[in-house]
Structure formats: C-alpha cells, structure tokens
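Heads up, the thing below is written out as structure tokens.
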Amino acid sequence: MHSSIISRIEKARTYAEEKERVNITTLNATFRGNHSKYELSLDEAGWHCSCSSFGVRAMCSHTMAVERMLEGMVRAQETPSIS
2 MHSSIISRIE KARTYAEEKE RVNITTLNAT FRGNHSKYEL SLDEAGWHCS
52 CSSFGVRAMC SHTMAVERML EGMVRAQETP SIS
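Just so we're on the same page, my numbering is the position in the sequence shown counted from 1, plus 1.
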C-alpha cells in the first residue's frame with residue numbers, strides 16, 4: 002500500500018478515537034423502535050421526533066438514545082429531574 006494512504010489511515014484511526022473533534026449540528030435519522038419507525042432530526046432548535054411522547058414532552062427515549070450514542074458530539078438536551 003502507498004505510504005500516503007497508510008498515513009491517512011493512521012490519522013483516521015486517531016481522529017475516530019477523539020470524538021471531541023466532531024460537533025454534529027444537524028442530523029436526520031430513522032429510528033426503529035419496538036412498535037414503529039420514527040423520524041428523528043436535530044437542528045439549531047434542538048431535537049425532534051415523530052413519536053407521540055415527543056409531541057407531549059418535547060423529549061423521548063428515541064432522541065435520548067441517539068444523543069447517548071453520539072455523546073460528546075451533539076449538544077445535550079435538557080432532561081427534567083426525576084423526583
């Protein structure tokens with residue numbers, strides 16, 4: 002393999018381990034839940050999900066799961082305290 006390709010692969014490995022280098026500001030995804038598929042998005046206004054829970058509470062397990070998967074790369078949504 003050409004040396005320039007090898008150095009790029011090594012650099013990519015280093016970058017992949019340093020999640021703080023990435024800041025995801027917009028995202029569109031389909032989430033396959035237990036009962037249905039839901040459309041998720043992240044934009045400047047925050048998270049959005051097509052599920053009924055998000056419509057009521059402005060947060061849901063789907064957005065929280067994706068946020069956890071992308072921890073450190075997306076702005077965290079505010080979660081209510083559980084009393």
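Here a beta-carbon is modelled for each residue, glycine too, at the ideal position from N, C-alpha and C. Computed from a predicted structure; not experimentally measured.
In this structure, the CA atom of residue 21 is about 28 Å from the CA atom of residue 34. Close CB contacts of residue 24 within its chain, under the 6 Å cut and outside five residues either way in sequence, are absent. Following the DSSP letters along the chain, one finds residue 47 inside the beta strand (DSSP E) bounded by residues 47–50. Here residue 15 carries a helix assignment [DSSP, helix/strand/coil].
In this structure, the straight-line span from the alpha carbon of residue 65 to that of residue 9 is close to 33 Å.
By the 16-neighbour rule on beta-carbons within 10 angstroms, residue 57 is exposed.
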